[in-house]
Amino acid sequence: MTGKSPIRKRSIVVCGHRTSISMENEFWNVLKTIASTKGQSLSTIISHLDAHRKGNLSSTIRIFVLKELLNQNSKD
């Protein structure tokens with residue numbers, strides 16, 4: 001891995017309200033894959049995370065992605 005990953009800002013509807021979320025491309029890509037695997041939209045997953053978060057939304061999403069990847073690896 002070389003250098004820093006660019007931060008990508010995306011507008012998304014969260015709990016019925018449009019908001020912007022900034023994260024590295026790698027997190028967006030894995031989050032899209034998780035959503036597809038679960039048969040859910042990004043908006044649905046992020047709205048659920050937003051409703052149950054204890055900190056910053058971008059950090060909550062990153063932790064969710066990390067936990068999903070760790071769970072997936074432990075099943076392999």
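In our numbering, the protein residues as written are 1 to 76. The beta carbon of each residue, even a glycine, is placed where N, CA and C say it ideally should be. Remember, it's a predicted structure, so these values are computed and weren't measured experimentally.
Query, Result
"Whole angstroms are fine: how far does the CA of Val14 sit from the CA of Ala51?", "9 Å"
"If you drop the 5 nearest sequence neighbours on each side, which residues of the same chain put their C-beta closer than 8 Å to that of Ile61?", "Ile21, Met23, Phe27, Leu31, Ile46, Leu49"
"Look up Ser5 in the DSSP assignment and say whether it is helix, strand or coil.", "coil"
"Please look up how many angstroms separate the CB atoms of Asn29 and Ser5, rounded, as I've assumed it's under 8 Å.", "Between Ser5 and Asn29 the Cβ distance is about 10 Å, and since that is not below 8 Å, they are no contact."
"Where DSSP assigns a beta bridge to Glu24, which residues make up the other side?", "Ile7"
"DSSP on Arg53, reduced to helix/strand/coil?", "coil"
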